[in-house]
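For the record, the sequence lines run as chains V and X.
Taking numbering that gives the first Met the number 0, the leading residue of the first sequence gets 0, the next gets one more, and so forth.
Taking numbering that gives the first Met the number 0, the leading residue of the second sequence gets 0, the next gets one more, and so forth.
Beneath this line is the structure, given in C-alpha cells, with notes to follow.
2 protein chains.
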Amino acid sequence: MAEVKIRHAVPADVPEIVSLIRALAEYEKAAPGALSLTEELLRDSLFGPHAAVEALIAECSGQMAGYALFFHNFSSWRGKRGLFLEDIFVRPELRGRGIGKALFAELLRIARERGCSRMEWLVLDWNQTAIDFYRSLGAEPLNEWTTFRLNLG
Amino acid sequence: MAEVKIRHAVPADVPEIVSLIRALAEYEKAAPGALSLTEELLRDSLFGPHAAVEALIAECSGQMAGYALFFHNFSSWRGKRGLFLEDIFVRPELRGRGIGKALFAELLRIARERGCSRMEWLVLDWNQTAIDFYRSLGAEPLNEWTTFRLNLG
C-alpha cells in the first residue's frame, strides 16, 4: 500500500483543493448554488494578507488524495483557542487506506503543539460512516447544542 | 430608559468580563470544573500577541450590562470568512431593554463591514427565550448538523 504523506498546502495546490471542495459539496448534497467559492477567494483566504484558514494536503503516490481545512476558534469556558475543522475529505476511490486517520493525526498534533484546548467540527446527522469514525477517535457529539446561522448575502 | 452604548473592550474590562462569563456559565448550567478561564488567559486571548477573540461591551448608565465574544470562522462553500459569536450575555436584571438587540446590531454591522458571508453561533436546545430572539432576527437552525468535540486536556 502506498505511503500517505501529509503536508501544508502551497499556492499551487489551490485549483485541486477547489475541485475537492466541489466533490465534498456534492457528497454532502449541498443545495445547488450554495457554492460560491472560486480559486481566487480560496487563494486569498489561505495565503492573502488576511488569511482566514489553513489547509493540509494528503498525498498518496504523488496524487492529492484528500485535504483538511481548519482555523482557530475560542472557548470562553477554557479561555484558550481551539482548532475548528471546517472540512476533511478523502477521494471516495482512495478510502479505507488510513488517509483520513493520517490527516486527523496531523491536525491533532498541530492542535496540541499550539496549546489548543480542543478540536471541534460539524457532522451531517445522516453521515453514519463519518460519525463512527469520529467516535472511534474518542470525539463526542454536543447533542444539546444547535448551530444558528444568519446569512449576510 | 437609559441609553445603551456598545463599544470594543479594553484591557481594564477583563475582570468584569470574566465575572460575566462566570454568570453565563452558571445560567447555561455548565458542569462544575468546566470553567478553567482566568483573567490572565482572557487578557492574553483578547489583547496578547496571538489574540484569538474580540469582545464588545454593552454599557447602560455607566455599568457593564452585557458582553459579546466573537472570532472569525471560514466557510469553504462561500470561500469567505464569517463571524462566529462565541458568547452573548446580558445581566438578567437588565433584560428586556434592547441590550441584546443592540449588541447583535453592532455584531452584524462589523460582520458586514468586514465582508463576512454569515454569522453563526451555538444555542442550547432548552433555551427557548434565546431561540425565539434569534428567529426574530431571521436566523435559522442548522438542524441536520451536529458539533463533535475532542477534548485535548
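Idealized CB from N, CA, C, for every residue including glycine.
Quick caveat, the model's predicted, so the values are computed rather than measured.
Residue i versus residue j: straight-line alpha-carbon distance, rounded
| i | j | result |
| --- | --- | --- |
| Glu92(V) | Ala57(V) | 14 Å |
| Arg77(X) | Ala50(V) | 15 Å |
| Thr128(X) | Glu139(V) | 27 Å |
| Ala163(X) | Glu2(V) | Nothing about residue 163(X) can be read from this structure; chain X reaches only from 0 to 152. |
| Gln62(X) | Gly97(X) | 15 Å |
| Gly99(V) | Pro48(X) | 33 Å |
| Leu40(V) | Leu149(V) | 21 Å |
| Glu112(X) | Thr145(X) | 29 Å |
| Leu68(V) | Arg134(V) | 20 Å |
| Ala33(V) | Leu106(X) | 24 Å |
Simplified DSSP state of residue i, which is helix, strand or coil
| i | result |
| --- | --- |
| Ser74(X) | strand |
| Val122(X) | strand |
| Pro140(X) | strand |
| Arg80(X) | strand |
| Phe34(V) | Note that residue 34(V) is Leu in the sequence shown here, rather than Phe. If DSSP states are grouped into helix, strand and coil, Leu34(V) belongs with coil. |
| Arg42(V) | helix |
| Lys28(V) | coil |
| Gly114(V) | coil |
| Val153(V) | A query on residue 153(V) cannot be resolved here, the shown segment of chain V reaching from 0 to 152 and no further. |
| Gly153(X) | Because chain X in this structure spans residues 0 to 152, residue 153(X) falls outside the shown range and cannot be described. |
| Glu2(V) | coil |
Cβ separation of residue i and residue j, assumed to be a contact under 8 Å, to the nearest whole Å
| i | j | result |
| --- | --- | --- |
| Phe147(X) | Trp120(V) | 6 Å |
| Phe88(V) | Leu23(V) | 4 Å |
| Gly65(V) | Arg90(V) | 6 Å |
Other residues of its chain near residue i: CB distance less than 6 Å, five sequence neighbours each side excluded
| i | result |
| --- | --- |
| Arg117(V) | Gly81 |
| Ser44(V) | Ala51, Val52 |
Residue from the options with nearest C-alpha to residue i
| i | options | result |
| --- | --- | --- |
| Leu136(X) | Ala101(X), Ser60(X), Leu55(X) | Ala101(X) |
| Val52(X) | Lys79(V), Glu53(V), Ile20(V), Leu19(V) | Lys79(V) |
| Leu123(V) | Ile5(X), Glu143(X), Glu85(X), Ser18(X) | Glu143(X) |
| Ile20(V) | Pro10(V), Thr37(V), Phe132(V), Leu151(V) | Thr37(V) |
| Glu15(V) | Glu105(V), Ser75(V), Leu55(V) | Leu55(V) |
| Ser35(X) | Lys28(X), Val17(X), Arg108(X) | Val17(X) |
Proximal residues to residue i (C-beta, below 7 Å), its chain only, five neighbours per side dropped
| i | result |
| --- | --- |
| Gly114(X) | Lys79 |
| Tyr26(X) | none |
| Glu85(X) | Val52, Leu68, Phe69, Phe70 |
| Ala30(V) | none |
Cβ-heavy atom distance, residue i to the ligand SAM, below 6 Å
| i | result |
| --- | --- |
| Asn126(V) | With respect to the ligand SAM, the structure shown offers nothing to examine, as it has no ligands at all. |
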